Structures are given as C-alpha cells and as structure tokens.
Amino acid sequence: MEKAKAGHRPYTSQLARKENLFKVLVLGDFEVGKSCLVNRYVHGVFTNNYKATQGVDFALKVLQWSASETVRLQLWDIAGQERFTSMTRLYYREAAACVIMFDVTNKASFLNSQKWKEDLDNKVVLSNGTPVPCILLANKCDLSPWAVTKEEIDLFSKENMFIGWTETSVKENRNINESMNVLVAKMMDNGEGVAALSGNGDYINLQLVPTPGYGCC
Ligand code: GDP
Ligand code: MG
Numbered sequence: 012m013e014k015a016k017a018g019h020r021p022y023t024s025q026l027a028r029k030e031n032l033f034k035v036l037v038l039g040d041f042e043v044g045k046s047c048l049v050n051r052y053v054h055g056v057f058t059n060n061y062k063a064t065q066g067v068d069f070a071l072k073v074l075q076w077s078a079s080e081t082v083r084l085q086l087w088d089i090a091g092q093e094r095f096t097s098m099t100r101l102y103y104r105e106a107a108a109c110v111i112m113f114d115v116t117n118k119a120s121f122l123n124s125q126k127w128k129e130d131l132d133n134k135v136v137l138s139n140g141t142p143v144p145c146i147l148l149a150n151k152c153d154l155s156p157w158a159v160t161k162e163e164i165d166l167f168s169k170e171n172m173f174i175g176w177t178e179t180s181v182k183e184n185r186n187i188n189e190s191m192n193v194l195v196a197k198m199m200d201n202g203e204g205v206a207a208l209s210g211n212g213d214y215i216n217l218q219l220v221p222t223p224g225y226g227c228c
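Under our numbering, residues 12 to 228 are what the sequence shown spells out, in order.
Below, the structure written as structure tokens:
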C-alpha cells in the first residue's frame, strides 16, 4: 500500500474549512408538524406518529454550504409544552434563527403564531440587537380546505416581521429543504443573493431560490 507523503494533505481534507454552528428553534402549536419537519429534514423520512420525549428534542443537520463552508444546524424541537405558547429564556438563549410553523387547516394554530413570535422577540435578540430571523411555514398544504387565505398569511407575516413565509408539506416533502436553505442563507447573510430574497415578510418564491450545489454531508 502506498504511504501518504509527509506533509501532503489529501485534497478532500482541504474542503469544509469553515464551520458554522447555529441554534435553530422550531416553534408552533401542538400537532402542526414540527417533529415531522425535523425528522424529514434531518433523516429524510416522514413518520406519521412520531412521538418525541417530553421537553426539548435535539437534532443535528449538517450541510456542506459551499466548497469551504460547513453549516451545522442544531434544531431545538419543543415537545409537550405547546399549550403554554411560551418558552423559558434559557430555551431561547443564543438562538440564531427560528421556524414558526402552523397548520393551514387549523386557524387557531395560525393565530397562535403571533404569540410564538412575540415570545421569541421578547426573550432573545441577536448579539447585534436585531431580531432573530424567523420564517413562517404554512404546513400541511397538501390538505384542503385551508382555514386561512394566502392574503391573510401574507399580511400577517409582514405585520409580525417574519423574514417571509411559504407553504410546506412535510408529508409530501414540499419546500422543506428549500425553505430551510432560505433561513440558512439569512444566517450566513452577506446582504445579497438568496438572503436578499427574504426579509420583509413577503411570500418566498422558492422557485427563485438557488439551492447550494453541495447538499448534505
Ligand atoms: P408537532 O406536535 O408539531 O410536533 O406535530 P407532529 O410532527 O407530531 O405532527 C402531527 C401530525 O400531523 C402527525 O399525525 C403527522 O403525520 C401530521 N403531519 C405533519 N406534517 C404534515 C403534512 O405536511 N401534511 C399532512 N397531511 N399531515 C402532516
Ligand atoms: Mg412534536
């Protein structure tokens, strides 16, 4: 077997030099699909009755964001505490981004998204004092009829200062990686490119969002 020459590093080890670790919160009412989202995003599967332990469930998603940058997302999924529409400051501490999810067939879960957003903004800000970027996901878009209109969601998203919103179906794997990429781009923000496509609460047209050419590692 050929020995590696001293001092020579294989090409692959020179990739992924810069590591970024982000804490991402997943909030929303009970049964809107939070745990399914995490499961789908991290493990690529949809489990109908995924039961998390009570408290907070953690999952790690690793993305090769560019040739030289790795992104590690530590996803914090709440379980069994949804009825309070509130979490402790400790839970929010050092969060870099947030997903607030509701069920399009459940109006109360949509209205409660406002409480979740208020709780988030009252308890944490980024180190530069700005709000934690938060995306609004209208989940279960595979079901009908919807209990809210797209116009209502749009207005709501702008008024409550989400970076933007989009419809998702964790079940049918629609817009999951794409919407998470928007959030990652926001955290990696360079003020242009993908990040510039969101920010003012608008509907996020995911057709316009290029996916990083590297994917999961
Ligand atoms: P959580 O309480 O927010 O964590 O919700 P779960 O992830 O446990 O999901 C609650 C229920 O909604 C489960 O029965 C899932 O199968 C279902 N569910 C989750 N996402 C979707 C979706 O996109 N479409 C449909 N039709 N059902 C979904
Ligand atoms: Mg859950």
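Where a beta carbon is used, it is the ideal one built from N, C-alpha and C, also for glycine.
In this text the structure is predicted, and so the values were computed from the model without any measurement.
| Near ligand 1: glutamate 42 beta-carbon under 6 Å from a heavy atom | yes
| message | Quick check for students: name the residue ranges of the alpha helix (DSSP H) that lie wholly in the region 61–137, counting only runs of 4 or more. | response | 100–103, 118–134
| query | Quick one: does the C-beta of asparagine 59 sit closer than 6 Å to a heavy atom of ligand 1? | reply | yes
| task | Pick out whichever of Asn31, Leu38, Ala90, Leu137 has its Cα sitting closest to the Cα of lysine 128. | result | Leu38
| request: Within its chain, find whatever has a CB closer than 6 Å to the CB of lysine 45; leave out the 5 residues flanking it on each side and keep chain order. | output: Val37, Gly39, Asp88, Met112
| Are there 16 or more other CB atoms within 10 angstroms of the CB of glycine 204, so buried, or fewer, so exposed? | Note that glycine 204 has pLDDT 49, beneath the 50 cutoff, so the model's placement of it is unreliable and no number is given.
| query | Around the Cβ of threonine 141, are there at least 16 other Cβ atoms within 10 angstroms (buried) or fewer (exposed)? | reply | exposed
| The beta strand (DSSP E) with valine 35 in it runs from where to where? | 29–39
| message | Given a cut-off of 7 Å on the beta-carbon distance, is the pair glutamate 178 and leucine 217 in contact? | response | no
| Through-space distance from serine 168 to tyrosine 52, alpha-carbon basis | 23 Å
| query | Across which residues does DSSP place cysteine 145 in a beta bridge pair? | reply | Cys109
| said: For ligand 3, is there any heavy atom lying closer than 6 Å to the beta carbon of serine 155? | reply: Ligand 3 is not among the ligands present in this structure, which contains only ligand 1 and ligand 2.
| Selected residue, minimal CA-CA separation from lysine 72, among Ile146, Val35, Asn186, Met172 | Val35
| field | Identified DSSP bridge partners for glutamate 178 | value | Ala149
| query | Is serine 180 near ligand 1, in the sense that its beta carbon is under 6 Å from a heavy atom of that ligand? | reply | yes
| What are the boundary residues of the alpha helix (DSSP H) that serine 168 is part of? | 161–170
| said: Assuming isoleucine 187 is part of the alpha helix (DSSP H), what are its boundary residues? | reply: 187–198
| task | Can you have a look at leucine 84 and say buried or exposed, based on whether 16 or more other CB atoms are within 10 angstroms of its CB? | result | buried
| Assigned exposure category for glycine 66 - 16 Cβ within 10 Å defines buried | exposed
| Just to confirm, does serine 46 get its C-beta within under 6 Å of one of the non-hydrogen atoms of ligand 1? | yes
| Anyone know if the C-beta pair for valine 115 and lysine 161 falls short of 7 Å? | no
| request: Output the distance between the C-alpha atoms of leucine 166 and methionine 191, rounded to the nearest integer angstrom. | output: 21 Å
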